[in-house]
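What follows is a short report on a single structure.
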């Protein structure tokens, strides 16, 4: 992602503390990545790509090489940063609360109740946003 790679000089720097790098990651990279993500219809493949990207970012920041065999869960514990998929789920439930309190004429509530008919085009995600929330 461009927001991460634009800060590559900072991630490589030995003069900047890891805590500062993590603050920069959270405020500049993760916030861009998570912007409006709660409205996405996700599946396991998308969640896997999010986990992989965050793992690569944290490994770069912490200076962990692939041969060290550190799991994403362990990196999350080291950094104190909640795993990105958990953050998406938390935000999705919060957004659902907002949508359910909206008046019946609002488009997000109408879209939540919408039940599409017919088959999806090949390669499209199956189901709706509401069903993906039910799955979590």
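Residue numbers (our numbering): -3 to 132. Ideal Cβ positions, reconstructed from N, Cα and C, are used throughout, including at glycine. Only a predicted model underlies this, so the values are computations on that prediction, with no experimental measurement involved.
Check, Outcome
"Every unbroken alpha helix (DSSP H) inside the stretch 42 to 123 [4 residues or more]", "68 to 75, 80 to 96, 103 to 109"
"Three-pair Cβ contact test at 8 Å for the stretch 89 to 109 versus the stretch 44 to 58", "no"
"Residue interval of the alpha helix (DSSP H) (run including residue 7)", "4 to 8"
"Length of the line joining the Cα atoms of residue 107 and residue 9", "47 Å"
"Residues near residue 66 in its chain [Cβ-Cβ closer than 7 Å; skip 5 each side]", "60"
"Stretch pair the stretch 30 to 38 + the stretch 75 to 89: three plus CB contacts closer than 8 Å", "yes"
"Three-state class that DSSP yields for residue 19 in the structure shown", "helix"
"Cβ-based burial, residue 50 [other Cβ within 10 Å; buried from 16]", "buried"
"Chain D contact for residue 98 (CB, 9 Å cutoff)", "This model lacks chain D altogether, as it is built from one protein chain only."
"CA-to-CA distance, residue 12 to residue 48, given in whole angstroms", "24 Å"
"Backbone CA spacing between residue 100 and residue 81 [nearest angstrom]", "30 Å"
"Proximity of residue 21 and residue 54 at Cβ, strictly below 9 Å", "yes"
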